[in-house]
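The structure appears below as C-alpha cells.
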Amino acid sequence: MGNMKKANYIISVIMLLIGVGIVALASSLKIKLGEGDPGAGFWPMMLGVLIIVFSVCLLFSTIKNKEKLEAKAFTIATPANIRVYILFGIIILFCLILYFLGFYVGALLFIPAVMYLLEVRSVKKIVLTTVITLAAIYVLFGMLLNITLPAPIFMR
Amino acid sequence: MSDILTALGNVFTIGNLAGLIFGTGAGILIGAMPGLSVNMGIALLFPLTFAFQGVGGILMLLGIYCGAIYGGSISAILLKTPGTPASVATTLDGYPMATKLKQPGRALGLSTFGSTFGGVFSAICLIIFSPMLASVALKFSKPEYFALAVFGLSIITSVSSGSILKGLLGGFIGLFIATIGIDNLSGSVRFSFGSTYLLGGISFVPILIGLFAFSQVLQSVEDCYKEKYVKTDVKLTRVFPTWEDLKRVFITLLRSSIIGTFIGCVPGTGGDIASFVSYDQAKRWSKYKDNFGNGEPEGIVAPEAGNNSVSGGAMIPMLTLGIPGDGATAIMLGALMVQGMQPGPLLFKEQASSVYAIFIGLLLANIVMGLMGFSLIRVFVKVVNIPKEILIPIIFTLTFVGAYAYNNSMNDVFVMVFCGFLGYFMNKTEFSMSAIVIGIILGSLAETNFRGALTMSDGKFSIFLTHPICAVFLALAAISLLSPVLGPAVRKLLGKDKAKQETEA
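Protein chains in written order, with my numbering: chain R, 1 to 156; chain Z, 157 to 661.
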C-alpha cells in the first residue's frame, strides 16, 4: 500500500528537480527586462520558479498534514497492480514490434496477449476479437479514412 | 449572410453529414460504456477527425462531444454505473424507473428527450449570445488576451478536485511543455536537446490520448481484476415519451436547460455541477417531490437537460474568448486548434463561415443525437453488455492508431505510452490530468500575449493593471485561483462572527 504522504514527498522532490532544471536551461536563453519583449527565456524561467515555489509549498503542506495524508492510502503492489505492471511490459514489447514489424503484426500479437492477461482462455473468443478488430481497423482507417498505420521497417 | 450560406453549403455535404452522424453514434457508444468518460471519448475518437478536411473534422468532433455526454445516461439508467460523471444524478431516478418500475424504455426515452432539448436549447443560446460577446471582445488587445488566458488557466483549481497544489504544478508543467520547440516570437530553439522531433514542439494529441484514454484503460485493467461479468438483460418496449410525461416535465426541461447553459458559460464548472443543480432545483419546484428517488420523470430529464445544455453554454466562452469551461471543452478547444481554428474573438471576424458551421453543426449534432437515441437505442443498450476483457484490448489498439495517425510518427506513439504510464500513477496520487492539458492548450496564447503586451509597453509590467478589462480579468483569475484557500477562511470567519454574535446576544 502506498500513501499520499509518501507520494507527495516524492512528487515534491521530482517537481523541485524539474523546476531547477527548467530554471537552469532557461537561464541560457535570452532574458532582457525593461525593454519590450523580455526574451525567449523569461516565460520558461518564470514557470521554473513557480514550479520550485509550489513544490516547496506541497512539501510544507504535506509535513503539516502528514497524519491526514498518511491515512489516505492507495494500492501499488496488489495482484491487480502487478497485472498492470505486466501489461506495461507487454506494451513496451508491442511498441518495439510496432516499430520493427508494423501495426498489423504487432496488434496480431498484442490483442491476444492482453486478453490472455485479462484471463480470457477461450481461443475462439481471442481469435474472433483479434480478427474482427483488425479487420474493422483496416476497413475504417486504412480504406475509408485513408489513415496510414505503422508499416514494417523494411517496407518504409 | 454570405458566411451563413457558405457554412450551410459546407455542412450539408454528404461527406460532412456522414462524419457528423458517425461521430455522434461513436460518441454515444463510448459514452454508454461504463467507466469511459466524455474526455476519454473525445481523446479516443478525435484522431478519426484527421481524415476529414476543414469543417468535416469539426462537425465530427461536435458529434462525438454531444454523443458522449448523452451516452453516459444509458449505462446510468440501466446499470446504475454512469458512463460519465455528469450522468451520476441521472442514476437517482433513472435506475429506479428502469428496475423498480420496470420501465427502462420510458427512462431512456425521457433521458433522450431531456438531452436533446437541453442540447438544442444551449446551441440556440450559443448562436444568439456568442456573436454579441465576440463583438465586445474584439476590442481586446494583447494585455486583455493575456489576462483571458490566465483566467482560463485559473479553472485549474476547479478541475483539480484532489489537490489544488498538484493541479497548479500540473498546469505549470503543461505551460512548460507548450514552450518546447521553436519560439514563435524570436525564432530561438527552446528545450529541444538537439532532437528534430522536439523542434516542432510536443504534439498535443498523443499527450491527450495518453493522459485521458490510455491511462484510463490501464486503470480499468486494475479495476476489473477478478470482477465477475454480469449480463444485463434489457427489454425495451416504447422509447418515445408519452404526451402526459412531456407535459409533466416541460417546465423542468426549460428550467434545467437555462441552468445548464448558464453553468456551462462559467469557466471551471461542468456537466456534473449542472446536472446536480438542475436535479436539486427540479426537486425543489416539483409537485411530486416525494417521488424523487423512486423513478420520477422530472428527476431524469432535469440532470440530462442540465448536463447536455452545458455543451452549448461552455462553447460561448470557448469560441468567443478562447477559454475553456471545463476539462471536456479544454480538450475541444485543443482539438479545434489542431483542426486549424484559433477560438477567440478574431475567429468571428476571420473565420466567420467556420463559426456558423460550428453553430449549425452543434444544433444538428443534438438533433441527430436525439434521432439516433430514439431509433437506435436498442443497439446502444447492447454496448453496456460488452465484457471488459474484449473492450480493453480494442481500446488499447485504438489509442495506438490514434496517436500514430496524427503525424504518422512513432515518436508520438512513444509520447502517448509515456503519458499513459505517467497518467496511471497521477490518477492514484490525485494529480489532475486536465490541469496539464489546460496548460498545454493555453500556454502559447498566454506567453505570446504576455510578451506582446510587454513589447507594447516597452517592458513595463504596469500595463496589466492600467488596462481596466485586463485588470478585471486578472483579479477574477486571482479570486478563482485563491477561492479554495479563501473560501474556507471566509466561511470560518463568518461562522466565528456568527458564533460571537450569538454568544453576545
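From the three backbone atoms N, C-alpha and C, an ideal C-beta is built for every residue, glycine too. Here the structure is a predicted model, which means the values were calculated and not measured.
Going by beta-carbon coordinates alone, are P549 of chain Z and I111 of chain R separated by less than 8 angstroms? By one-based count along the second sequence, residue 549 of chain Z stands at place 393. By one-based count along the first sequence, residue 111 of chain R stands at place 111. Going by C-beta atoms, P549 of chain Z is nearer than 8 angstroms to I111 of chain R.
Checklist entry - Can a CB atom of chain Z be found closer than 8 angstroms to the CB of L16 of chain R? => result Walking along the first sequence from the start, residue 16 of chain R turns up at place 16. Chain Z, which has no Cβ nearer than 8 angstroms to the Cβ of L16 of chain R, makes this no.
**Study point:** Closest residue to P624 of chain Z among Z:G175, Z:Y251, Z:K295 (Cα-Cα distance)
**Key:** Counting from one through the second sequence, the residue named residue 624 of chain Z turns up at place 468. Selected option, being the one with the closest Cα: Z:K295.
task: Could you tell me the distance, in whole angstroms, from the CA atom of G228 of chain Z to the CA atom of S531 of chain Z?
output: One-based indexing of the second sequence puts residue 228 of chain Z at position 72. One-based indexing of the second sequence puts residue 531 of chain Z at position 375. If I take the Cα positions, the gap works out to 17 angstroms.
Check your understanding: Based on the DSSP output, what are the partners of G337 of chain Z in its beta bridges?
Key -> Here residue 337 of chain Z refers to the residue found at position 181 when the second sequence is read from its first residue. BP columns for G337 of chain Z point to Z:R346.
* Closer than 7 angstroms: is that where the CB of K538 of chain Z sits relative to any heavy atom of the ligand GDP? -> Ligands in the displayed structure: none, and consequently the ligand GDP is not present.
- Query: Since A293 of chain Z contacts S431 of chain Z with CB under 8 angstroms, what's their CB separation in whole angstroms?
  - Reply: The residue labelled residue 293 of chain Z in the question sits at position 137 within the second sequence. The residue labelled residue 431 of chain Z in the question sits at position 275 within the second sequence. The pair is not a contact, with the Cβ atoms about 29 angstroms apart (cut-off 8 angstroms).
### Query
If we cut at 8 angstroms on Cβ distances, does P79 of chain R have a partner in chain Z?
Against the first sequence, residue 79 of chain R aligns to sequence position 79. Taking Cβ atoms only, chain Z reaches closer than 8 angstroms to P79 of chain R, which makes this a yes.
Please name the residue or residues paired with F198 of chain R in a DSSP beta bridge. There is simply no residue 198 of chain R to check, as chain R begins at 1 and stops at 156 in what is shown.
Q) Is the region 162 to 174 of chain Z touching the region 342 to 355 of chain Z in the sense that three or more CB pairs, one from each, lie closer than 8 angstroms? A) no
Could you name the residues of the same chain whose beta carbon sits closer than 7 angstroms to that of I516 of chain Z, not counting the 5 residues immediately before and after it, in chain order?
What you label residue 516 of chain Z is simply residue 360 of the second sequence in a count that begins at 1. Once the five neighbours on either side are set aside, the close Cβ partners of I516 of chain Z are A163, L164, V167.
Review point. Going by alpha carbons, who is nearest to P397 of chain Z out of Z:G469, Z:R262, Z:I186, Z:A188?
Key: Position 241 of the second sequence holds residue 397 of chain Z. Of Z:G469, Z:R262, Z:I186, Z:A188, the residue nearest in Cα terms is Z:R262.
- Item | Beta-carbon gap between G270 of chain Z and V457 of chain Z smaller than 8 angstroms | Residue numbering aside, residue 270 of chain Z sits at position 114 when the second sequence is read from its first letter. Residue numbering aside, residue 457 of chain Z sits at position 301 when the second sequence is read from its first letter. The answer is yes: Cβ separation under 8 angstroms.
Practice item. With a 10 Å radius around its C-beta and 16 neighbouring C-beta atoms as the bar for buried, classify S465 of chain Z as buried or exposed. Key: Residue mapping note: residue 465 of chain Z aligns to position 309 of the second sequence, counting from 1. Its Cβ being crowded by 16 or more others within 10 Å, S465 of chain Z is buried.
Secondary structure of S465 of chain Z, DSSP reduced to three states
Numbered from 1 along the second sequence, position 309 holds the residue referred to as residue 465 of chain Z. If DSSP states are grouped into helix, strand and coil, S465 of chain Z belongs with the helices.
Original post:
Straight-line CA distance for L218 of chain Z to E35 of chain R?
Top reply: Sequence index remark: in the second sequence, residue 218 of chain Z carries index 62 (1-based). Sequence index remark: in the first sequence, residue 35 of chain R carries index 35 (1-based). So the two alpha carbons sit approximately 44 angstroms from each other.
Who are the Cβ neighbours of S359 of chain Z in its own chain at under 7 angstroms, not counting the five residues just before and after it?
Taking the first residue of the second sequence as 1, we reach residue 359 of chain Z at position 203. Once the five neighbours on either side are set aside, the close Cβ partners of S359 of chain Z are Y562, N563, D568.
* Other residues of its chain near T659 of chain Z: CB distance less than 6 angstroms, five sequence neighbours each side excluded -> Taking the second sequence and counting its residues from 1, one reaches residue 659 of chain Z at position 503. Residue placement at T659 of chain Z cannot be trusted, given a pLDDT of 49 that sits under 50; the coordinates are not used to answer.
Between K124 of chain R and chain Z, is any beta-carbon pair separated by less than 8 angstroms?
Taking the first sequence and counting its residues from 1, the one referred to as residue 124 of chain R is at position 124. No, no contact with chain Z.
*When the cut-off is 8 angstroms and only beta carbons count, does A645 of chain Z lie next to chain R?*
Position 489 of the second sequence, counting from 1, holds the residue named residue 645 of chain Z. It does not; no Cβ of chain R falls within 8 angstroms.
Review point. Applying a beta-carbon distance threshold of less than 8 angstroms, which residues of chain Z neighbour Y99 of chain R?
Key: Along the first sequence, one-based indexing puts residue 99 of chain R at 99. In chain order: M566.
Along the region 598 to 626 of chain Z, where does the CB come closer than 7 angstroms to a CB of chain R? Name the residues.
E603, F606, R607, L610, T611, D614, G615
Check: Buried or exposed: where does G643 of chain Z fall if 16 or more other Cβ atoms within 10 Å of its Cβ makes it buried?
Finding: By one-based count along the second sequence, residue 643 of chain Z stands at place 487. G643 of chain Z should be labelled exposed.
Rounded C-alpha distance that separates T585 of chain Z from A7 of chain R: Counting from 1 along the second sequence, the entry for residue 585 of chain Z is found at position 429. Counting from 1 along the first sequence, the entry for residue 7 of chain R is found at position 7. Rounded to whole angstroms, T585 of chain Z to A7 of chain R spans 7 angstroms at the Cα level.
For chain R, find out if any of its Cβ atoms is closer than 8 angstroms to the Cβ of A591 of chain Z; answer yes or no. The residue you call residue 591 of chain Z lines up with position 435 of the second sequence. Output row for A591 of chain Z: interface = no.
Segment limits, alpha helix (DSSP H) that includes E378 of chain Z = If you number the second sequence from 1, residue 378 of chain Z lands on position 222. Run containing E378 of chain Z: 371 to 379, per the alpha helix (DSSP H) assignment.
- Please report how far the alpha carbon of A661 of chain Z lies from the alpha carbon of A645 of chain Z, in whole angstroms. Sequence index remark: in the second sequence, residue 661 of chain Z carries index 505 (1-based). Sequence index remark: in the second sequence, residue 645 of chain Z carries index 489 (1-based). Confidence in A661 of chain Z is poor, its pLDDT being 48 and thus under 50, which makes the residue's placement unreliable; the coordinate value appears in the next sentence. Computed Cα separation, rounded: 24 angstroms.
- CB contact flag (G595 of chain Z, L309 of chain Z, <8 angstroms): Here residue 595 of chain Z corresponds to residue number 439 of the second sequence, with the count starting at 1. Here residue 309 of chain Z corresponds to residue number 153 of the second sequence, with the count starting at 1. Yes, the Cβ-Cβ distance between G595 of chain Z and L309 of chain Z is below 8 angstroms.
Alpha carbon to alpha carbon, how far is S61 of chain R from G323 of chain Z? Stepping through the first sequence from its first residue, residue 61 of chain R is reached at position 61. Stepping through the second sequence from its first residue, residue 323 of chain Z is reached at position 167. Near 14 angstroms, if we compare the C-alpha coordinates of G323 of chain Z and S61 of chain R.
Subject >> Residue from Z:I233, Z:D249, Z:A188, Z:T180 whose Cα sits closest to the Cα of I220 of chain Z >> reply: Taking the second sequence and counting its residues from 1, one reaches residue 220 of chain Z at position 64. I220 of chain Z has its Cα closest to that of Z:T180, out of Z:I233, Z:D249, Z:A188, Z:T180.
*Contacting residues, own chain, Cβ-Cβ under 6 angstroms from C380 of chain Z (five flanking each side not counted)*: Residue 380 of chain Z sits at position 224 when you count from the first residue of the second sequence. So the qualifying residues of the chain are K544.
**Asked** Comparing the C-beta of P549 of chain Z with each C-beta of chain R, is any distance below 8 angstroms?
**Response** Looking up residue 549 of chain Z in the second sequence gives position 393. It does; some Cβ of chain R falls within 8 angstroms.
**Asked** Between L264 of chain Z and V395 of chain Z, which are expected to be in contact by the criterion C-beta below 8 angstroms, what is the C-beta distance as a whole number of angstroms?
**Response** The count along the second sequence starts at 1 and reaches residue 264 of chain Z at position 108. The count along the second sequence starts at 1 and reaches residue 395 of chain Z at position 239. Indeed, because the Cβ distance is near 6 angstroms, the residues count as touching under 8 angstroms.
Contact belief for K298 of chain Z with M525 of chain Z at Cβ below 8 angstroms, rounded distance in angstroms: Position 142 of the second sequence holds residue 298 of chain Z. Position 369 of the second sequence holds residue 525 of chain Z. Not a contact, Cβ separation roughly 39 angstroms.
With three or more C-beta pairs closer than 8 angstroms as the rule, is the region 431 to 448 of chain Z touching the region 252 to 259 of chain Z? no
Worksheet item: For V494 of chain Z, which residues from the same chain have a beta carbon less than 7 angstroms from its beta carbon, with the 5 sequence-adjacent residues on both sides left out?
Response: For the purposes of this step, residue 494 of chain Z is taken as residue 338 along the second sequence, with counting starting at 1. Around V494 of chain Z: F360, V361.
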